[in-house]
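Respectively, the protein sequence lines represent chains U and W.
Following our numbering, the numbering of the first sequence begins with 329 at its first residue and continues without gaps.
Following our numbering, the numbering of the second sequence begins with 7 at its first residue and continues without gaps.
These notes are about the structure you will find just below.
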Amino acid sequence: MGVFDPVIELGRGLAETLRSFLFEPTVTIQYPEEKREVRPRFRGRHILHRYEDGLEKCIGCSLCAAACPSDAIFVEAAENTDEKRFSPGERYASTYEINMMRCIYCGFCEDACPTEAITLGDNYELAYTDRRDAIYPKEKLLDPAPSADMSSPRKVEPGVYNRSVPEMKNPSK
Amino acid sequence: MSKQVTLSINGVTAVVPEGTTVVDAAKSVGIDIPVFCHHPKLEPVGMCRMCLVEIGRPMLDRATGQAVIENGLPKIQFMPKLETACTNRVSEGMVVMTISDKAKDGQRGTLEFLLTSHPLDCPVCDKGGECPLQNLTMAFGSSQSRFIYDEKNHLEKQVPLGELIWLDRERCIQCARCIRFQDEVAGEAVLGFDERGRNTQIVSLSTPGFDSVFSGNTTDICPVGALTTADFRFGARPWELKAQASICTQCPVGCNTTLNTRREAKAGGDIVIKRVMPRQNEEVNEIWLCDKGRFAGYHYTESKKRLTKPLVRKEEKLARGSWSAAVNLAAENFVKYKKDFVVLASGRLANEDLFNLKSLADTAGGKAILYSDMGGGDITPLVGVGQGTNIGEMGKGDAILVVASDLYQEAPIWWLRIKQAADRGATLIVANPRETKLDKFAKYVIRYAYGDEVKTVNDFSRKTKISDEFAKAKNAIVFFGSEGLGLNGSSMLASACATLLKETEHIGKPNNGLVGVWQRVNDQGAWEVGFRPEPDLEKALKGKAVYIVGADPVGDDPALAKALKGAKFVAVQDILETATTEIADVVFPAQAFTEREGTFTSGERRVQRFYAAVPPKGETKPDFAITSQVAKGMGVILEGSSVSVVFDILANSLEAFADLSYEKLAEVRGQFPIVGRGDLYYGGTTYGNTQGLGVQLVPTAQAGGAVHISKIRKEAALRPKENELLAVPVSKLYDRGVTVNPAQLLDRRVGEASVTLHPSTAKNLGLEAGAKVKINLDGVKAEATLKLDDTISTGVALVPRSMGIAIHEPVVAKVK
Numbered sequence: 329m330g331v332f333d334p335v336i337e338l339g340r341g342l343a344e345t346l347r348s349f350l351f352e353p354t355v356t357i358q359y360p361e362e363k364r365e366v367r368p369r370f371r372g373r374h375i376l377h378r379y380e381d382g383l384e385k386c387i388g389c390s391l392c393a394a395a396c397p398s399d400a401i402f403v404e405a406a407e408n409t410d411e412k413r414f415s416p417g418e419r420y421a422s423t424y425e426i427n428m429m430r431c432i433y434c435g436f437c438e439d440a441c442p443t444e445a446i447t448l449g450d451n452y453e454l455a456y457t458d459r460r461d462a463i464y465p466k467e468k469l470l471d472p473a474p475s476a477d478m479s480s481p482r483k484v485e486p487g488v489y490n491r492s493v494p495e496m497k498n499p500s501k
Numbered sequence: 007m008s009k010q011v012t013l014s015i016n017g018v019t020a021v022v023p024e025g026t027t028v029v030d031a032a033k034s035v036g037i038d039i040p041v042f043c044h045h046p047k048l049e050p051v052g053m054c055r056m057c058l059v060e061i062g063r064p065m066l067d068r069a070t071g072q073a074v075i076e077n078g079l080p081k082i083q084f085m086p087k088l089e090t091a092c093t094n095r096v097s098e099g100m101v102v103m104t105i106s107d108k109a110k111d112g113q114r115g116t117l118e119f120l121l122t123s124h125p126l127d128c129p130v131c132d133k134g135g136e137c138p139l140q141n142l143t144m145a146f147g148s149s150q151s152r153f154i155y156d157e158k159n160h161l162e163k164q165v166p167l168g169e170l171i172w173l174d175r176e177r178c179i180q181c182a183r184c185i186r187f188q189d190e191v192a193g194e195a196v197l198g199f200d201e202r203g204r205n206t207q208i209v210s211l212s213t214p215g216f217d218s219v220f221s222g223n224t225t226d227i228c229p230v231g232a233l234t235t236a237d238f239r240f241g242a243r244p245w246e247l248k249a250q251a252s253i254c255t256q257c258p259v260g261c262n263t264t265l266n267t268r269r270e271a272k273a274g275g276d277i278v279i280k281r282v283m284p285r286q287n288e289e290v291n292e293i294w295l296c297d298k299g300r301f302a303g304y305h306y307t308e309s310k311k312r313l314t315k316p317l318v319r320k321e322e323k324l325a326r327g328s329w330s331a332a333v334n335l336a337a338e339n340f341v342k343y344k345k346d347f348v349v350l351a352s353g354r355l356a357n358e359d360l361f362n363l364k365s366l367a368d369t370a371g372g373k374a375i376l377y378s379d380m381g382g383g384d385i386t387p388l389v390g391v392g393q394g395t396n397i398g399e400m401g402k403g404d405a406i407l408v409v410a411s412d413l414y415q416e417a418p419i420w421w422l423r424i425k426q427a428a429d430r431g432a433t434l435i436v437a438n439p440r441e442t443k444l445d446k447f448a449k450y451v452i453r454y455a456y457g458d459e460v461k462t463v464n465d466f467s468r469k470t471k472i473s474d475e476f477a478k479a480k481n482a483i484v485f486f487g488s489e490g491l492g493l494n495g496s497s498m499l500a501s502a503c504a505t506l507l508k509e510t511e512h513i514g515k516p517n518n519g520l521v522g523v524w525q526r527v528n529d530q531g532a533w534e535v536g537f538r539p540e541p542d543l544e545k546a547l548k549g550k551a552v553y554i555v556g557a558d559p560v561g562d563d564p565a566l567a568k569a570l571k572g573a574k575f576v577a578v579q580d581i582l583e584t585a586t587t588e589i590a591d592v593v594f595p596a597q598a599f600t601e602r603e604g605t606f607t608s609g610e611r612r613v614q615r616f617y618a619a620v621p622p623k624g625e626t627k628p629d630f631a632i633t634s635q636v637a638k639g640m641g642v643i644l645e646g647s648s649v650s651v652v653f654d655i656l657a658n659s660l661e662a663f664a665d666l667s668y669e670k671l672a673e674v675r676g677q678f679p680i681v682g683r684g685d686l687y688y689g690g691t692t693y694g695n696t697q698g699l700g701v702q703l704v705p706t707a708q709a710g711g712a713v714h715i716s717k718i719r720k721e722a723a724l725r726p727k728e729n730e731l732l733a734v735p736v737s738k739l740y741d742r743g744v745t746v747n748p749a750q751l752l753d754r755r756v757g758e759a760s761v762t763l764h765p766s767t768a769k770n771l772g773l774e775a776g777a778k779v780k781i782n783l784d785g786v787k788a789e790a791t792l793k794l795d796d797t798i799s800t801g802v803a804l805v806p807r808s809m810g811i812a813i814h815e816p817v818v819a820k821v822k
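Written out as structure tokens, the structure reads:
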């Protein structure tokens with residue numbers, strides 16, 4: 329081994345660094361200033377959706393909680409009135425909580441939902457400093473209302489929203 | 007024993023009594039035939055066509071009438087079409103095929119029809135998860151429907167049938183179980199069908215809607231989510247509920263119940279009771295429960311007025327104190343006023359609590375008083391109904407006498423079962439001063455004037471058609487109550503009834519004897535452990551050191567409130583804040599029956615266990631444990647940690663309870679019909695009994711002991727003067743009692759304090775129905791709404807108990 333060998337080796341290494349620094353595209357991004365697009369089938373934090381008229385899709389049926397393998401969802405239902413309507417039909421979720429520490433993001437809740445009220449979105453920013461913050465209540469999960477007068481609960485005309493599960497078309501047609 | 011019939015079902019041989027339906031026969035050998043309209047407690051109608059099966063019968067030779075034998079076996083002739091297994095009774099040699107292709111095809115087709123217009127409500131339906139239609143569709147249905155989706159028939163949803171039951175007309179499959187239950191079992195035809203064909207729908211025929219105290223049962227037997235209760239509406243999904251066995255505390259029947267619990271965010275994360283369901287006990291409540299038990303049964307245990315901490319009076323005000331401070335204060339005072347120590351307890355308490363209280367009173371030289379206006383509990387242990395009594399077995403040749411009790415209002419499930427015994431042919435004799443709902447089913451109705459109760463029963467010794475039939479009956483039970491009677495009157499009545507039973511030799515056997523229609527769940531148990539009511543309670547409390555447990559004398563009666571104000575010391579132990587806790591020197595918070603274990607003794611003297619369903623509230627303790635602590639402070643040692651040990655001590659010291667233990671009370675046997683979780687489609691959502699059927703105590707007469715019925719001194723009957731009325735206490739099912747009041751759902755049915763007069767009496771007084779009247783009960787003044795009833799006699803005023811007017815016994819009254 330010659331005297332200059334270590335210097336040559338060092339030079340090679342530096343050259344590699346210099347090459348990748350100057351000629352290769354960067355793969356890292358500046359999170360959180362910069363955010364990466366997620367894949368189409370990515371499963372992130374849950375979203376509770378609304379219909380176009382602003383009423384909640386969730387009817388408090390608890391099937392997501394029943395399907396949940398890690399028992400992360402807790403639902404309590406109550407009755408809608410036309411004076412104070414949250415969702416179409418008779419029933420709405422008065423309490424809807426997901427414990428994000430328990431959730432394994434399997435998406436079974438999404439499969440179980442009869443009104444497509446819950447989907448797993450692309451939000452993965454779920455850091456918290458208090459364990460209690462890991463429990464997401466309905467207010468945090470619910471989509472924002474399209475406008476202030478199309479929010480829930482709201483007063484509606486009697487007899488219009490009498491069906492919980494939306495009118496479905498014949499699937500064979 | 008009826009004739010046995012042998013038949014073959016799917017190749018399995020079944021031997022069942024003659025007259026059994028094919029469905030029930032199959033059930034007995036573990037074969038499930040799907041049913042909707044069929045219910046083992048109802049007459050078969052064959053309306054839903056779900057139970058289609060192939061039935062073959064041995065072919066008979068027309069000439070000889072003998073079975074045709076082919077290859078050494080009887081030749082079986084099958085009907086060309088499928089038959090309903092629920093309407094066909096078994097016959098000798100019958101061959102049934104329930105899973106042949108033809109049968110399965112028929113069942114699948116029926117389900118397809120039933121689902122043509124059934125809405126996809128399962129996610130929001132309260133029945134979803136325990137729904138026979140869901141279950142049977144999964145087990146027997148087709149995955150495809152040939153019907154056009156857009157042609158679904160839409161009917162009205164969310165229809166209130168009264169304030170307790172909701173109807174969804176779209177979900178109904180027209181099985182008529184609810185209508186048939188009301189007609190056949192409850193005997194109140196308040197439901198019916200309207201319209202025809204696809205538009206057939208259930209309607210309520212009564213005002214107010216669904217006017218029956220058994221309405222909740224229709225939601226149990228409804229095989230779909232058409233009928234649901236307002237109490238549980240969207241309360242939880244059935245699979246989220248935990249179940250714990252309990253006993254209903256609303257009346258002396260002692261119905262077996264199941265409490266369904268769930269953790270709830272609304273309740274601050276506590277485990278709460280979501281609903282009360284009946285639990286099968288064919289000897290007590292079968293699979294039924296009255297609306298009071300179902301809708302008022304638990305609300306009071308979750309009331310905001312629950313006591314959760316011990317309170318001690320400091321400078322005229324009740325303030326929070328520690329357990330030790332409260333217990334020591336009470337014990338000190340009870341020792342200090344040893345000669346004046348009085349324990350006043352009610353039949354709301356469990357046997358163990360009452361036993362500890364009685365032991366304390368006896369050892370400390372005090373007096374144990376039962377807070378009750380009804381006597382006769384010392385006679386029922388002698389001539390009570392024999393062990394093995396089951397009203398459900400009574401029928402032709404048996405007799406039931408109901409005297410001075412409106413059972414529909416006082417003990418609905420007894421009413422139901424007696425009504426059914428009468429339907430089966432039992433001779434029902436109703437003796438009451440006014441018309442009651444039981445009259446309709448009675449063979450003989452005896453009317454007497456208030457005050458003539460004893461005379462009416464004694465008249466059975468004279469030979470009449472009625473007394474003759476009663477005396478000759480195979481079995482006879484007498485139910486005596488306290489309609490229009492106070493302590494003395496009911497004691498005399500009990501004695502007269504016991505004498506009648508003894509003379510006609512209707513004692514000491516099952517289905518024979520005396521039953522007291524008590525005002526509280528465990529009055530019988532209180533008598534058994536030695537508590538006795540006091541004729542002059544005012545005098546017994548005045549100037550004494552009183553330990554009041556599970557009673558509200560101050561709220562019930564101003565006279566008792568006055569007496570207690572003059573007491574030396576008052577310690578109150580209760581679960582709720584009451585008027586009595588307000589005047590107390592020390593208050594002990596007790597656990598409700600839903601939070602602890604214990605036993606109750608029913609009116610039929612059946613000892614039954616209840617279990618803890620929810621965790622205790624705050625710092626509450628069970629009654630027996632509090633008593634044991636107080637006793638310790640007084641130098642008396644009582645068991646206070648284990649309720650089963652208290653029961654063992656009780657069983658050792660009371661002869662009637664000998665040999666009983668918690669294990670024995672928890673024993674179960676197979677019962678028919680088979681209900682429970684695995685058999686949802688069959689008998690309804692009633693829970694099967696896995697935690698104990700209880701044990702009936704043996705009365706002295708059955709044990710072979712001497713029966714001596716003591717004569718009770720007769721008091722002169724009250725004779726009101728010209729311008730006065732005789733006010734008599736009557737019992738009402740939905741009253742303002744502390745255990746009913748917190749159930750807001752029943753508010754409308756409770757109504758307000760009333761006084762009932764004969765129309766002509768009211769006319770003479772110049773009063774009209776609905777008027778506010780002032781009533782003066784021998785010095786006690788109250789206001790009430792006037793009601794009229796032309797079946798009562800003219801000189802009386804009916805005053806309901808527990809509705810805010812203090813009345814313990816018949817008194818002279820003025821109404822204006």
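C-beta atoms are modelled at their ideal positions from N, C-alpha and C, and glycine is treated no differently.
Computed from a prediction, not measured in an experiment: that's the story for all the values here.
Boundaries (first-last residue) of the alpha helix (DSSP H) holding residue i
i: residue 153 of chain W; result: It is not in any alpha helix (DSSP H) - residue 153 of chain W carries neither H nor E in the DSSP assignment.
i: residue 633 of chain W; result: 629 to 639
i: residue 433 of chain W; result: Here residue 433 of chain W belongs to no alpha helix (DSSP H); instead the beta strand (DSSP E) covers 433 to 437.
i: residue 544 of chain W; result: 543 to 547
i: residue 451 of chain U; result: From DSSP, residue 451 of chain U is part of no alpha helix (DSSP H); its letter is neither H nor E.
i: residue 82 of chain W; result: Counting along the chain, residue 82 of chain W falls outside any alpha helix (DSSP H), though it belongs to the beta strand (DSSP E) covering 82 to 84.
i: residue 589 of chain W; result: 585 to 589
i: residue 6 of chain W; result: The structure shown does not extend to residue 6 of chain W, since chain W is modelled only from 7 through 822, so no value can be given for it.
Cβ-Cβ separation, residue j to residue i (assumed contact under 8 Å), whole Å
i: residue 409 of chain W; j: residue 441 of chain W; result: That belief does not hold up - the Cβ atoms of residue 409 of chain W and residue 441 of chain W are roughly 15 Å apart, past 8 Å.
i: residue 290 of chain W; j: residue 262 of chain W; result: 6 Å
i: residue 751 of chain W; j: residue 169 of chain W; result: 7 Å
i: residue 284 of chain W; j: residue 490 of chain W; result: Rounded, the Cβ-Cβ distance is 32 Å, inconsistent with contact.
i: residue 199 of chain W; j: residue 223 of chain W; result: Wrong, their Cβ atoms sit about 19 Å apart, outside the cutoff.
Residues sharing a beta bridge with residue i, DSSP
i: residue 14 of chain W; result: W:19 and W:101
i: residue 426 of chain U; result: U:401 and U:464
i: residue 172 of chain W; result: W:166 and W:234
i: residue 760 of chain W; result: W:791
i: residue 595 of chain W; result: W:580
i: residue 276 of chain W; result: W:270
i: residue 207 of chain W; result: W:200
Span of the beta strand (DSSP E) around residue i
i: residue 553 of chain W; result: 551 to 555
i: residue 450 of chain W; result: 450 to 452
When Cβ atoms are compared, which residues of the segment 423 to 449 of chain U fall closer than 8 Å to chain W? Correct list: 423, 425, 442 and 443.
Residues of the segment 152 to 182 of chain W with a CB closer than 7 Å to any CB of chain C: list them in chain order, please. Checking the listed chains, one finds no chain C in this structure; the protein chains it contains are U and W.
Between the segment 210 to 227 of chain W and the segment 287 to 304 of chain W, do at least 3 Cβ pairs fall closer than 8 Å? Touching, yes, given that three or more Cβ pairs across the two stretches are closer than 8 Å.
Touching by the beta-carbon criterion (3+ pairs, under 8 Å), the segment 40 to 52 of chain W and the segment 91 to 99 of chain W: Touching, per the Cβ criterion.
Along the segment 396 to 408 of chain U, where does the CB come closer than 9 Å to a CB of chain W? Name the residues. Going along the segment 396 to 408 of chain U in chain order, one finds 402, 403, 404, 405, 406 and 407 with a Cβ nearer than 9 Å to chain W.
At a Cβ cut of 9 Å, what residues of the segment 242 to 262 of chain W count as close to chain U, listed as they run along the chain? Answer set for the segment 242 to 262 of chain W: 242, 243, 245 and 246.
Is there contact here, the segment 702 to 715 of chain W with the segment 724 to 732 of chain W, by at least three beta-carbon pairs under 8 Å? Here the segment 702 to 715 of chain W does not lie against the segment 724 to 732 of chain W, with fewer than 3 beta-carbon pairs under 8 Å apart.
Count the CB pairs spanning the segment 340 to 349 of chain U and the segment 421 to 437 of chain U that are closer than 8 Å, and state whether there are at least three. Contact annotation: the segment 340 to 349 of chain U does not touch the segment 421 to 437 of chain U, with fewer than three C-beta pairs closer than 8 Å.
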